[in-house]
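Visitor: Numbering (the numbering used here), first residue to last: -6 to 760.
#1: In this structure, how does DSSP classify residue 522 when only helix, strand and coil are distinguished?
#2: Per the contact definition of three or more C-beta pairs closer than 8 Å, is the region 202 to 217 in contact with the region 530 to 544?
#3: For residue 557, which of 515, 572, 600 and 527 has the nearest alpha-carbon?
#4: Between which two residues does the beta strand (DSSP E) holding residue 433 run?
#5: Using a Cβ distance threshold of 8 Å, determine whether the region 710 to 728 contacts the region 222 to 236, with at least three qualifying pairs required.
#6: With a threshold of 9 Å between beta-carbons, can residue 400 be considered close to chain B, or not?
#7: With C-beta atoms as the reference, is residue 387 less than 9 Å away from residue 327?
#8: Using CA atoms only, rank isn't needed, just tell me which of 479, 706, 731 and 319 is closest to residue 700.
#9: In whole angstroms, what separates the C-alpha of residue 711 from that of residue 573?
#10: Evaluate residue 296 with the Cβ neighbour count: other Cβ atoms within 10 Å of its Cβ, from every protein chain shown; 16 or more gives buried, anything less gives exposed.
#11: I need the DSSP call for residue 183, collapsed to helix, strand or coil.
#12: Just list the alpha helix (DSSP H) runs in the region 697 to 724, keeping only unbroken ones of 4 residues or longer that don't cross its boundaries, in chain order.
#13: Is the region 390 to 400 touching the region 507 to 521 in the sense that three or more CB pairs, one from each, lie closer than 8 Å?
#14: When we look at the beta-carbon of residue 413 and count the other beta-carbons within 10 Å, is it buried (16 or more) or exposed?
#15: Rounded to a whole number of angstroms, what is the C-alpha to C-alpha distance between residue 372 and residue 410?
#16: Rounded to a whole number of angstroms, what is the C-alpha to C-alpha distance between residue 137 and residue 206?
#17: Does the Cβ-Cβ distance between residue 233 and residue 199 come in under 9 Å?
#18: Leaving out five residues before and five after residue 662 in sequence, what residues of the same chain have Cβ atoms less than 6 Å from its Cβ?
#19: Would you check if the region 337 to 351 and the region 313 to 320 touch, i.e. whether three or more CB-CB distances between them fall below 8 Å?
#20: Are there 16 or more other CB atoms within 10 angstroms of the CB of residue 416, so buried, or fewer, so exposed?
#21: So what's residue 550 in DSSP terms, helix, strand or just coil?
#22: Would a C-beta distance cut-off of 9 Å place residue 702 and residue 672 closer than the cut-off?
#23: Exposed or buried, which one is residue 642 when buried takes at least 16 other CB atoms within 10 Å?
#24: By DSSP's criteria, residue 391 is part of a beta bridge. Which residues make up the other side?
#25: In angstroms, rounded to a whole number, what distance separates the CA positions of residue 421 and residue 284?
#26: Do you know offhand how far residue 739's Cα is from residue 545's?
#27: Given a threshold of 16 other Cβ atoms within 10 Å of its Cβ, counted over all protein chains shown, does residue 640 qualify as buried or as exposed?
#28: Run through DSSP, which three-state label would residue -5 get?
#29: Residue 456 bridges to which residues according to DSSP?
#30: From residue 260 to residue 749, what does the alpha carbon distance come to, in whole angstroms?
#31: For residue 175, count the other beta carbons within 10 Å of its own beta carbon; 16 or more makes it buried, fewer makes it exposed. Which is it?
#32: Is there contact here, the region 495 to 511 with the region 575 to 591, by at least three beta-carbon pairs under 8 Å?
#33: Which partner residues of residue 740 appear in the DSSP bridge assignment?
#34: What residue from 550, 52 and 454 has the CA that sits closest to residue 427's CA?
#35: Could you check what DSSP says for residue 161 in three-state terms: helix, strand or coil?
#36: Exposed or buried, which one is residue 744 when buried takes at least 16 other CB atoms within 10 Å?
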């Protein structure tokens, strides 16, 4: 059977736009590739120049470096942010100066032509950024991934660098995205935390870990992606508008997680190293220990990391001990790689996480009020997630040959006891074990064509996803396979102007629990750009995308063998728009933006409904931000106002499961300062969520909260390989639930509270 959505192309007008984008991208690639002659990269980078750059904002240093060397340096203000550059002076080459200017910034560079350089974040780097040891043993900066996903939506892009992660020292995803109010994380338990970008749940985004697609819609009471932040090196979020090469299914944007490797941790000149970390949380008596070893020799690299967390239940701000919140996490990451002298690089990585402990019966909430008498307060959950990724890149590309190949297998598995309603006269449930599992075999092959004015990336990707429920009475399985072709151009066609535009076409095969099959196809397109209204001061940004995502798989534990698909589930589509302004001046930054995401025919596959429901979802609002960077520290304040609806009515967290969650207004404030002579860093952050009353009729207002966290870190100047840190989380013992936590608007739900005041000590030793 075949089926087509009446929204495949978003109406006649957007259909014409998509066709023009696709044709324009293809023609642009052909015209530019045939008309621009290639010259070997670095043609002028080795020339010596008299460089004189003071310590100042990084954006200013890059522009002055371009003037002093004649290089054309392209960068996005979203990537640069408020970073600062050290003083650089002397008679040195342009490339040496560039490396010095970018040192410590978390940014990488690549020569895209004989006299052109592109700057992007390490989170977008194919080889995961950091320092790289060349075949001759010299230490050089890694090149960037020209297929970067950062900055496509302009002002709505979020870049969390290695430096940001080191400052935050996160233990869960809430802390990873702390001080980023447009990204909300629900639940206080890592195994049930869900990420919402501008209110849109993460299964409506293209989520990757080291380039591997994630397909983890297993159980609505669990996390969709359990991520151990101790393994992370960087995170990039495209909120709303995402590029064509971010992957299929980017309805509300994209999230790219990058994990660490040996090159991120090795000291210059060393070929082997190790790292030991330890953390103790006094609230829950939780101990966390991380062990790693890594090395590089003769082109070979290896990296191994294990992390253990064990503890008790935590105490909330109201003084109550929250049952089912004890820590029992084991995670690991292993990587091996070989890079030939010619630049060909082969990498194989495997990541594994397991959370195995008693949890609240519904792990994303406290409990029902009143509870069902046959259900216990807690039950055992076992959650496993794994990801195996093979990556090939050429670290020394020549001409238009700059390939990347990724082949991956990912899976998520949840095992727990099922408690059916007792059959009278019995009052006890006849329990049995249920297992839900999702799997994805996926990959892509692409090539980047370097041009004098930028680059064009073209390729294809695929996935074969399976969702399976092993249930004693009602097992079920759904399948979805997809093949996509895409092209994305990133150009600087005129002075002060940077453009990104692309398109993709997808063909999907979907099989329901009934064994029926449907085939659907559709087009997606995006265009975004930024223009310097006032050079070195004011930049305008805007972006638009239409996304065709096919039919998403249902959640495993919701499978119902009696589902009636009718003529077939409709493919899901979306339209995204974002625009904003960014002003920078001598370390000061001021920005503001608006956004809107419309998702059409979003699938809501609930067990209790035999017909397949579809809903229209909207998220819209605006953001404001300001900051000041004084070199040895910074202060930033951000505000977001997010309004989400389902079919035009206020959204709730039940119908919005896997779709959206109420957010409202959130302020964040973060500040830190380094006392370099003493090796001491102090800082903290504040989150203020205002009361939210745009809830469905009959629901209660979602209460606001004010939470303060502070830290002090000490790195002895004589022992830079040692770091000690003390933190106080929830300093004023606020009694609250995270804004994105399930069920706060319902009278019959006690939401899962956050920990109360928590003292945390940690230490890191690097060898």
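Even glycine gets a Cβ: it sits at the ideal position worked out from N, Cα and C.
Guide: Inspection of the coordinates gives the following:
#1: strand
#2: no
#3: 600
#4: 425 to 444
#5: no
#6: The structure shown contains no chain B; it holds only a single protein chain.
#7: no
#8: 731
#9: 46 Å
#10: buried
#11: helix
#12: none
#13: no
#14: exposed
#15: 7 Å
#16: Because the pLDDT at residue 137 is just 30, under 50, the model does not fix this residue reliably, and the value given afterwards should be weighed accordingly. Distance between the alpha carbons of residue 137 and residue 206 is about 21 Å.
#17: no
#18: 630 and 679
#19: yes
#20: exposed
#21: helix
#22: no
#23: exposed
#24: 394
#25: 45 Å
#26: 28 Å
#27: exposed
#28: Its pLDDT being 36, under 50, residue -5 is placed unreliably in this model, and the value from its coordinates should be taken loosely. In this structure, residue -5 counts as coil in the three-state DSSP scheme.
#29: 435 and 475
#30: 39 Å
#31: buried
#32: no
#33: DSSP output for residue 740 lists no bridge partner at all.
#34: 550
#35: helix
#36: buried
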